[in-house]
Amino acid sequence: MKPRLLIVEDDPNLGEILSEYLGLKGFETTLKRDGEEGERAFKEGTYDLCILDLMMPKKDGFSLAKEIRSMNEETPIIFLTAKSMKQDIIKGFTIGADDYMTKPFSMEELLLRIQAVLKRYIKKQDEPFPNEFAIASLTYYYWESRLVTRHREINLTTKENELMKIFFENLNQMVVRSIALKKIWKDDSYFNARSMDVYIAKIRKYLADDPSLKLLTIHGEGFRLVQVK
């Protein structure tokens, strides 16, 4: 099966050139002209990589990338930008971009970057998730759904285990609430959000066995498991 690319580029000439060139190189491409069209396409289709122009009408590349990340936290994103300002590059990577290209660029270099990003992504998908995490005085066993503290051994429910996995693999990083809901509950409805809050409260009680670990709520955004030294 050909790798599927979503290209969102408002320049009609560049968009057509990208779509045609990458099609000839063995990719299946979908071309959209603005951020809103790109968002609809991502919701309706399945893509192996997204190529997003930064400056677009209706919805810019940053906003579109945020929407994509709220729906899928793993699909690789490459930004196309006329800007080379450091803060824009940092912002792109903070949102979750995997690479960027500054215009003008060569098609050959873009192809190499796409291949490199896809190779990393496929390798990551193929790697089994590790069983054991040791943080502070806690040891978490994902495949056994088990948390061991200084004082007790806790058998985790399915949802507790999946939440714990997200927090432990993203130690000191923010876990976006909507992404966690869609990943574990498959929907970020109000009722599922309330259900998540119940599980978060339980996990906080488990983590309280080690005072150096804090599960913080980032208001309006998500959660962050931090180790206080």
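Residue numbers (this note's numbering): 933 to 1161. Beta carbons are placed, not taken as given, at the ideal position from N, Cα and C, and that holds for glycine. Predicted model only: the values in this text are computed from it and were never measured.
Residue range of the alpha helix (DSSP H) that residue i falls in?
i       : result
Lys1137 : 1122-1139
Ala997  : 993-1003
Glu971  : 967-976
Determine whether the beta carbon atoms of residue i and residue j lie at a separation below 8 Å.
i       : j       : result
Leu1088 : Ala1112 : no
Phe1100 : Ile1132 : no
Ser1144 : Val1160 : yes
Asp1142 : Ala1068 : yes
Leu981  : Ile1046 : yes
Thr962  : Gly977  : yes
Tyr942  : Asp985  : Looking at the sequence itself, residue 942 is Asp, so the reference to Tyr does not match. Cβ atoms of Asp942 and Asp985: closer than 8 Å.
Ile983  : Leu950  : yes
Glu1092 : Lys1134 : yes
Just mark residue i as buried or exposed, buried being the case when its beta carbon has 16 or more other beta carbons within 10 Å.
i       : result
Ile1166 : Past the edges of the chain, shown from 933 to 1161, lies residue 1166, and the structure says nothing about it.
Phe974  : buried
Arg1109 : buried
Arg1123 : One detail in the question is off: residue 1123 reads as Phe in this sequence, not Arg. Flag for Phe1123 reads exposed.
Phe959  : buried
Phe1037 : exposed
Ala1140 : exposed
Val940  : buried
Val1158 : exposed
Thr1026 : exposed
Leu1203 : The question about residue 1203 has no answer here: the residues shown for the chain are numbered 933 through 1161.
Leu1044 : exposed
Gly1152 : exposed
If you follow the beta strand (DSSP E) that residue i is part of, which residue opens it and which one closes it?
i       : result
Arg936  : 936-940
Tyr1074 : Note, Tyr1074: premise wrong, no beta strand (DSSP E); not H, not E.
Arg1156 : 1154-1159
Ala1068 : No beta strand (DSSP E) holds Ala1068; DSSP gives it neither H nor E.
Reducing DSSP to helix, strand and coil, say where residue i ends up.
i       : result
Tyr1053 : helix
Gln1047 : helix
Met1033 : strand
Phe1100 : helix
Phe959  : coil
Asp1119 : coil
Leu1088 : coil
Met1106 : strand
Lys1114 : helix
Lys1023 : helix
Glu1006 : coil
Leu1145 : strand
Leu981  : strand
Leu1042 : helix
Leu1095 : helix
Any C-beta of chain C sitting closer than 8 Å to the C-beta of residue i?
i       : result
Met1106 : Absent from the structure: chain C. Only one protein chain is present.
When every heavy atom of the ligand ATP is checked, does at least one fall within less than 7 Å of the C-beta of residue i?
i       : result
Leu1148 : As far as ligands go, the structure on display features none, and thus does not contain the ligand ATP.
Give a yes or no on contact between the region 963-972 and the region 982-1000, applying the rule of three or more CB pairs nearer than 8 Å.
yes
At least three beta-carbon pairs within less than 8 Å, the region 1024-1032 to the region 995-1010
yes
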